[in-house]
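Colleague:
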Amino acid sequence: MTETCKIAYDGEYYISRDYMRSNTTWRTFKGALRAAAKRGLTVLDPQLDPAIEYYSNSNKTKIVVNLMSNKLTRIAVNTPLSCDPSSETYWSM
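Counting the sequence shown from 1 gives a position; this note's numbering is that position plus 4.
1) Would you check if there are 3 or more beta carbon pairs closer than 8 Å linking the region 21-36 to the region 63-75?
2) Per DSSP, what are the beta-bridge partners of Leu76 in this structure?
3) Whose C-beta lies closer than 6 Å to the C-beta of Leu45 among residues of the same chain, with five residues either side of it excluded?
4) Taking all protein chains shown into account, do 16 or more other C-beta atoms lie within 10 angstroms of the C-beta of Ala36, making it buried, or fewer, making it exposed?
5) Run through DSSP, which three-state label would Thr93 get?
6) At which residues does the alpha helix (DSSP H) containing Arg38 begin and terminate?
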């Protein structure tokens, strides 16, 4: 039985399996697919390039209300809660 993995992207491609990330990164999706095949791994979704989703969400924004000033603020959709001025977590740090 072969192990399964997925190709992930955060500026560079890497192989991810069972919450473990490979130390090696690749500049292209095809390069990461070839490396996974060489290691005997089966890629879960070999047609889906993760960089497409990464960059499609990078320009989207949402409008939130600042908790302290009650003014509208525009932030990126993928902003973590600790950096979101509409959350108590942001103001308690």
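The beta carbon of each residue, even a glycine, is placed where N, CA and C say it ideally should be.
Modeller: On the basis of the data shown:
1) no
2) Val69
3) Glu7, Cys9
4) buried
5) helix
6) 33-42
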